[in-house]
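Numbering-wise (my numbering), the sequence shown opens with residue 1085 and increments by one. Note that the Cβ used here is the ideal one computed from N, Cα and C, for glycine as well. Values in this document were obtained by computation on a predicted structure and should not be read as measured data.
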Amino acid sequence: LLRDRKSQISSSDLTHYLKLLDHFIKNRTRYLKLIQAHRYSVHLCHNDINLSNILHFKDDVLLIDYEYADFNSTFYEVANFFVEMRLVFHDQPPYFKKLERGPEAKELERLVIQEYFRPNSQAKFSEYENLVTQFSALSHVFWTIVSIQTLWYDFKLDFPAYTQQRFEDLLEVEKSLDF
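Shown next as structure tokens:
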């Protein structure tokens, strides 16, 4: 895909995106092991829950934009939700901003894990929390690849900056997981 469109992007950008894809290829075994180890936690998932896809009407909450809906790990769904909550999209270039993960966000994440998975012990809670962290790496992989593929579309988003941000976040998660 990138080589076919190389006339539309600079050679340095092309080299950069090929390095990102090379990173994914080198680590694919780790990603696949994680997915296979938790293949029984698969349910129908939205796969793109973020603030712009949540509508609130009085007492009801409605999810919209189901273009990425498919069967997936519930750990991925929750991890992706946490990752997406740290990105705010707006009207000024680069059209997104990464928020810091402060103590309030960490507490909210812990509450969501508790309510969503209902672990029956502290050990189970810690296991689920760790799995959500691991699956956040897969969220970054997925959205980095999607953003590389959409570099040539006319969306109001700085895809090179977004791609780089998601990749940097992936490396940060991988470092914390000793990838």
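Between the CA atoms of residue j and residue i - distance to the nearest angstrom
i            : j            : result
residue 1114 : residue 1142 : 44 Å
residue 1265 : residue 1137 : For residue 1265 there is no data in the structure shown, the boundaries of the chain being 1085 and 1263.
residue 1196 : residue 1248 : 28 Å
residue 1161 : residue 1095 : 35 Å
residue 1225 : residue 1254 : 7 Å
residue 1194 : residue 1133 : 17 Å
residue 1235 : residue 1101 : 11 Å
residue 1260 : residue 1211 : 15 Å
residue 1245 : residue 1209 : 35 Å
residue 1125 : residue 1157 : 5 Å
residue 1149 : residue 1135 : 11 Å
residue 1199 : residue 1192 : 10 Å
residue 1090 : residue 1097 : With a pLDDT of 48 at residue 1090, under the threshold of 50, the modelled position of that residue is not reliable, and no figure is offered here.
residue 1110 : residue 1153 : 27 Å
residue 1204 : residue 1186 : 27 Å
residue 1140 : residue 1104 : 37 Å
residue 1174 : residue 1237 : 18 Å
residue 1121 : residue 1188 : 31 Å
residue 1112 : residue 1213 : 22 Å
Cβ pair residue i, residue j closer than 7 Å
i            : j            : result
residue 1181 : residue 1172 : yes
residue 1159 : residue 1216 : yes
residue 1207 : residue 1257 : no
residue 1163 : residue 1251 : no
residue 1116 : residue 1155 : no
residue 1242 : residue 1177 : yes
residue 1170 : residue 1183 : yes
Residue i - partner residues in DSSP beta bridges
i            : result
residue 1141 : 1144
residue 1171 : 1182
residue 1155 : 1128
Interface flag, residue i vs chain C, CB-CB below 7 Å
i            : result
residue 1146 : In the structure shown, chain C cannot be found, because there is only a single protein chain.
Residue from the options with nearest C-alpha to residue i
i            : options                   : result
residue 1099 : 1232, 1242, 1151 and 1119 : 1232
residue 1151 : 1144, 1131, 1169 and 1165 : 1131
residue 1281 : 1190, 1107 and 1239       : Residue 1281 is absent from the structure shown; the chain starts at 1085 and stops at 1263.
residue 1107 : 1228, 1119 and 1214       : 1228
residue 1119 : 1223, 1237, 1262 and 1242 : 1223
residue 1190 : 1103, 1165, 1111 and 1105 : 1165
beta-carbon residue i near the ligand MN non-hydrogen atom, thresh 6 Å
i            : result
residue 1211 : The ligand MN is not part of this structure, which contains no ligands at all.
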